[in-house]
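Each residue of the sequence shown is one higher than the one before, starting from 1 at the first, in UniProt numbering. Built from N, CA and C at the ideal position, the CB exists for glycine as well. Scroll down for the structure; my scribbles are underneath it.
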Amino acid sequence: MLLGNGWESLNGQQIRRNDGAGFYLLWDDHLPRRSADDLPDTPSVTPGGTSTGSNAIWYDLDPEAGTLTITYDDVAPFSGDRSQRNAYQLQFTDLSDQPGASEGDFSVEYRYEAVEWAEPRQGAAGFSLGDGLNAFNILGPNDEAGCRALPEQGPILFTFDSDSDSVASNLPGLEELPLFGPPIRGTASRDLLVGSDEPEVFRPDRGRDTLKPGLGEDIIDIGPGANTVRGSMDELLNDTLRGGFDNDRLPFQGEAIAPEAISFDRGRDAILLDLDGDGTPDDGIAVEGVYDRVSVLTPPLRHLCRADP
Numbered sequence: 001m002l003l004g005n006g007w008e009s010l011n012g013q014q015i016r017r018n019d020g021a022g023f024y025l026l027w028d029d030h031l032p033r034r035s036a037d038d039l040p041d042t043p044s045v046t047p048g049g050t051s052t053g054s055n056a057i058w059y060d061l062d063p064e065a066g067t068l069t070i071t072y073d074d075v076a077p078f079s080g081d082r083s084q085r086n087a088y089q090l091q092f093t094d095l096s097d098q099p100g101a102s103e104g105d106f107s108v109e110y111r112y113e114a115v116e117w118a119e120p121r122q123g124a125a126g127f128s129l130g131d132g133l134n135a136f137n138i139l140g141p142n143d144e145a146g147c148r149a150l151p152e153q154g155p156i157l158f159t160f161d162s163d164s165d166s167v168a169s170n171l172p173g174l175e176e177l178p179l180f181g182p183p184i185r186g187t188a189s190r191d192l193l194v195g196s197d198e199p200e201v202f203r204p205d206r207g208r209d210t211l212k213p214g215l216g217e218d219i220i221d222i223g224p225g226a227n228t229v230r231g232s233m234d235e236l237l238n239d240t241l242r243g244g245f246d247n248d249r250l251p252f253q254g255e256a257i258a259p260e261a262i263s264f265d266r267g268r269d270a271i272l273l274d275l276d277g278d279g280t281p282d283d284g285i286a287v288e289g290v291y292d293r294v295s296v297l298t299p300p301l302r303h304l305c306r307a308d309p
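Structure, rendered in structure tokens:
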């Protein structure tokens, strides 16, 4: 469970990351004090809340209420301006005794009181299930301003249902978060990998494979072979292409897309499509891992990301 970044709390317990799985209040290095003797004589207290300026991480386990609460009390950054402090809290609640609930159901609430410091290119809040597939980040990896604005969102709640293997949230438009099952895998031969309309992960092998995702928001590992990812506009938009790009193709079935309507934005790591021809991209496909080879990601896109009626 990742609750901090490898540091001890003031009351002697380890609040640290473990194998990449866990829950993140702020993906960054904190500098809590190791003992009461190290606490500042003049606490730096963030305004407008209940923090005390202790620059420590505290925990409270309440068996009767079924809660574990982790409090980052005006914690300084590991480097930089240590007069700036962050105050936030993470609370886990056992829901297994609630009506209609099952053993293993629980919720996690993220509470942000103050975020005075945040580093560029550091992710914000969220969680990872540690399987390399299922993770959720509230803001995104490059949103320093969004990190500082987290207190304006109010408490953020995730509820984990053990029966359906689903996660619900109170974030608008994200009431149910997609979880991925076991990957659809290829072999060393030439394969046809066909998905459903649920969120899925495709992992081809060394064969010259054809991948046909469905309507879900899929993760497609292109793999080491020269592969073809084929589908309609609805099936491919909002998917993520990841890693191993080498002479791959991305044809859109039943769509006529002008070459000038296709672009690759390295800043956003996305293939962008201007579908209505107004000069402004309307939608796109996320990509992870850019290699300077002949691939879906390198110029000229017009030959690779093309119409295929």
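What does a CB cutoff of less than 6 Å around Ser263 pick up in its chain, not counting 5 residues either side in sequence?
Leu272.
Taking only the alpha-carbon atoms, compute the straight-line gap between Ala65 and Thr50 and give it to the nearest angstrom.
In a straight line, the C-alpha of Ala65 is about 21 Å away from that of Thr50.
Contact between the stretch 184 to 194 and the stretch 130 to 141: three or more CB pairs below 8 Å?
Because the criterion of three Cβ pairs below 8 Å is not met, the stretch 184 to 194 and the stretch 130 to 141 do not touch.
Within 8 Å, do at least three Cβ pairs link the stretch 109 to 118 to the stretch 84 to 100?
Using a C-beta cut-off of 8 Å, the stretch 84 to 100 makes contact with the stretch 109 to 118, since at least three inter-stretch Cβ pairs fall below that distance.
Per DSSP, which residues does Ser107 bridge with? Please list them.
Ser107 is bridged to Thr93 and Thr159.
Name, in chain order, the residues that DSSP records as bridge partners for Leu68.
Under DSSP, Leu68 forms a beta bridge with Leu61 and Phe92.
Reduced DSSP category for Gly126 - H, G, I as helix; E, B as strand; rest coil
Of the three classes helix, strand and coil, the one that applies to Gly126 here is strand, per DSSP.
Inter-residue spacing [alpha-carbon to alpha-carbon] between Pro204 and Ala226
Straight across, the Cα-Cα distance linking Pro204 with Ala226 is about 10 Å.
Status (buried if at least 16 other CB within 10 Å, exposed otherwise) for Thr46:
With 16 or more other Cβ atoms within 10 Å, it is buried.
Sort Arg206, Leu26 and Asp81 by Cα distance to Thr228 and report the nearest one.
Measuring C-alpha to C-alpha distances from Thr228 to each of Arg206, Leu26 and Asp81 identifies Arg206 as the nearest.
Just to confirm my understanding: we take Asp94, look at its own chain, exclude 5 residues before and 5 after, and list those with CB closer than 7 Å. What are they?
For Asp94, where only same-chain residues beyond five positions count, the Cβ hits under 7 Å are Gly66 and Phe106.
Three-state secondary structure (DSSP) at Gly146?
It is helical.
Going by DSSP, name the residue or residues bridged to Glu119.
As computed with DSSP, Glu119 is found in no beta bridge at all.
Determine contact between the stretch 151 to 159 and the stretch 167 to 175, defined as no fewer than three beta-carbon pairs at a distance below 8 Å.
A contact exists between the stretch 151 to 159 and the stretch 167 to 175.
Once DSSP output is grouped into helix, strand and coil, what is the label at Leu179?
In the structure shown, Leu179 sits in coil (DSSP, three-state: anything other than H, G, I, E or B).
Where does the unbroken beta strand (DSSP E) through Glu288 begin, and where does it stop?
Per DSSP, Glu288 belongs to the beta strand (DSSP E) from Asp283 to Glu288.
Could you pull the start and end residues of the beta strand (DSSP E) that Asp265 belongs to?
In the DSSP assignment, Asp265 falls within the beta strand (DSSP E) that extends over Ile262 to Asp265.
Using the beta-carbon count (16 or more within 10 Å), is Val194 buried or exposed?
Counting the other Cβ atoms within 10 Å of the Cβ of Val194 gives fewer than 16, which makes it exposed.
DSSP beta-bridge partners of Ser166:
Note: Ser166 sits in a beta bridge opposite Asp161.
Excluding sequence positions up to five away, which residues of its chain have a Cβ less than 8 Å from the Cβ of Asp276?
The answer, listed in chain order, is Asp282.
Residue from Pro224, Leu179 and Glu176 whose Cα sits closest to the Cα of Arg190
That would be Pro224, whose Cα lies nearest to the Cα of Arg190.
In this structure, does DSSP put Glu198 in helix, strand or coil?
In the three-state reduction of the DSSP assignment, Glu198 falls in the coil class, being assigned neither a helical nor a strand state.
Considering just the uninterrupted stretch of the beta strand (DSSP E) at Leu272, what are its terminal residues?
Boundaries of the beta strand (DSSP E) harbouring Leu272: Ala270 to Leu273, taken from the DSSP string.
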